[in-house]
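One structure below.
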Amino acid sequence: MKVQILSRKLIAPSSPTPPNLKNLKISCFDQLAPPTYVPCVFYYPANGEDRGGNNVERSKKIEKSLAETLALFHPLGGRYIEENLSIECSDEGAEYLEAGVSGSLSQLLEREEFKTEMWSRLVPRVLQPENSPLVTIQINMFECGGLAIGTCVAHRIADAYTVGTFINTWATACRIGIENVQCRPSFPFGSLFPPKNIPAITSVDDLISVRAVKKVVRKSFVFKGETISRLKEIATAFDSNQLLKYQPTRVEVVTGLIWMVLIRVARAIHGHLRPSVFGLTVNMRGKTTLTMPVYACGNLINLVIAQFVPDDESKIKLHDCVNRVHDAIRSTVEDCAKASSGDELFSLMIKKMREGDEAWRKSEIDAYIVNSWCRLPWYETDFGWGKPSWVHGVDAATSPGTVTLMDTEDGGGIEAFLGLDESSTLLFQQNLDVALTGN
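The numbering of the sequence shown is our numbering, which starts it at 911 and goes up by one.
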């Protein structure tokens, strides 16, 4: 399939940013975010009567509603100034590209090799966000009338919650009009958690890139709701020590399963069990005693660290890995709830980052990172022609040992996007198949 860029322009907010909001200091949590973009692709199949011409009208509505939504999320229409640690809300706008794609969208979605090959061509190519648009959109129009909307939002000012809120608000504005949008976002974290003189510490993304290999294979694995229910039963049935005195969540079960499989793959490659750490990013909204507005945007995540130290074979069973993940999440959330100030909350994050820093730099320890994008409104993103049939929201899988979790279309399952070393891809699939049988 060929992707051809047809046009490129800037879309400014539909109304200017008020003078008192022209400058936004980033927060200390924003400082820890990597200087990259958070990408997503939303796939919309053609209706029966649609052909390419209908996408022209759709694009006009998308463009107009984008300008209106940027007026609500005014920092996203500005530019990041590194030396000032601030966003200049200059209303320069988002970059907006239109592209034509040969072939049909259904053909792409039906063939795994097309998904892998095409994904990076359906999102705009952006580098670091300094002095560049903080939002870049690529509207991909297929010959069949199908549409794929690729989005990139700068991580410096947005975590997954913020990206999901922005895109869903934009889609709602396109579908029913900006006047009917209920979301009223704010970017309060710069004042709640002011930027700091942060000691030398590397972001998790940078630490993972240290271990990057020349050939990384991106794979996706879908765990349906019934599969996850069965995994919960397996974990409970084989829990002779009764570690699971709670009902594990979908994320805990799938994360525990993937970690267990990765441990077994490492054992097959090295001939013995190896210690490993598993990092999991957690949205801290609603998990602290600190007061913040609804739809608070920016970066507000913490890092959960779970560890595995080999001692005997029983320690690589599903229930044990699930319990380690659960305990690590519970401990981190409890610590966040005890924090009485922004400084305390930030200190917790720095502590976890240092734990990750120390572990990721040891070659004898296997290190993995999971970004959970579950329970965010990706599949509610309806621009007026129905909800997406698939959402692909992962760029992290460019390094081995990186995982992104997203809900499936029905909301009951989880799709996991993994970055795997090419040499371990087959081993992962084989060990996953065994693990799904309860062994």
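Just so you know, even glycine gets a beta-carbon here, dropped at the ideal spot from N, CA and C.
If only complete runs of 3 or more residues are kept, the segment 1203-1266 shows the beta strand (DSSP E) at 1211-1218, in order along the chain.
With contacts defined as CB atoms closer than 8 Å, Ile921 and Leu980 qualify as a contacting pair.
Between Leu976 and Pro1095, the gap from beta carbon to beta carbon reaches 8 Å or more.
By the CB criterion at 8 Å, Val1214 and Ala1238 fall inside the cutoff. Going by DSSP, Ser1016 is part of the alpha helix (DSSP H) stretching over 1015-1020.
In this structure, the straight-line span from the alpha carbon of Tyr1205 to that of His1180 is close to 47 Å. Distances from the alpha-carbon of Lys974 to those of Pro955, Tyr953, Gly1087 put Gly1087 closest. As DSSP reads the structure, Ile997 sits in a beta bridge with Leu934, Tyr990. Counting only the Cα atoms, Met1170 lies some 49 Å from Lys932. Of all C-beta pairs linking the segment 911-919 to the segment 1005-1022, three or more are shorter than 8 Å, placing the two stretches in contact. For Leu1337, the enclosing alpha helix (DSSP H) covers residues 1335-1345.
Contact holds between the segment 1320-1337 and the segment 1157-1177, because three or more Cβ pairs, one in each stretch, are under 8 Å apart. Under the three-state reduction of DSSP output, Ala1064 falls in the strand class. Taking C-beta separations shorter than 6 Å and ignoring five residues to either side along the sequence, the partners of Ala1216 in its chain run Phe1188, Arg1234, Val1235, Ala1238, following chain order. Judged by beta-carbon spacing, Lys1297 lies beyond the 8 Å limit of Cys1246, meaning their Cβ atoms are not closer than that value.
Relative to the Cα of Gly1322, the nearest Cα in the group Thr1312, Tyr1289, Arg1271, Leu1342 belongs to Tyr1289. For Glu1136, the uninterrupted alpha helix (DSSP H) run begins and ends at 1135-1147, by DSSP.
Linking Pro1104 to Ile997 through their CA atoms gives a straight-line distance of about 13 Å.
Straight across, the Cα-Cα distance linking Ser1016 with Glu1254 is about 50 Å. His984 sits in a helix when the DSSP states are folded into three classes. Taken through DSSP and simplified to helix, strand or coil, Asn964 comes out as helix. Under DSSP, no beta-bridge partner is assigned to Ile1275. Judged by DSSP secondary structure, Ser917 falls within the beta strand (DSSP E) whose first and last residues are 913-921. Rounded to the nearest angstrom, the Cβ distance from Leu1019 to Trp1300 is 6 Å, consistent with a contact under 8 Å. Rounded to the nearest whole angstrom, the C-alpha separation of Thr1159 and Glu1136 is 13 Å.
The residues Glu998, in chain order, have a CB closer than 6 Å to that of Ile991 in the same chain once the five nearest residues on each side in sequence are set aside. Non-local C-beta neighbours of Ile972 in its own chain, meaning closer than 7 Å and more than five positions away in sequence, comprise Ile1049, Cys1084, Phe1293, ordered along the chain.
CA-CA distance, Arg989 to Glu1002, rounds to 8 Å. For Arg1285, same chain residues with a beta-carbon under 8 Å away, outside a window of 5 residues either side, are Asp1317 in chain order. By the Cβ neighbour-count rule, Ala1147 is exposed, with fewer than 16 other Cβ atoms within 10 Å of its own.
Lys1227 and Asn1078 have their C-alpha atoms roughly 39 Å apart.
A residue is called buried once 16 or more other Cβ atoms fall within 10 Å of its Cβ, and Lys912, having fewer, is exposed. When only Cα atoms are considered, Val1132 and Leu1330 end up about 16 Å apart. Per DSSP, the beta-bridge partners of Thr1191 are Leu1213, Asn1281. Per DSSP, Leu1032 lies in no alpha helix (DSSP H) segment and is marked neither H nor E. With respect to Ala1269, Ser1130 sits apart: the two C-beta atoms are not nearer than 8 Å.
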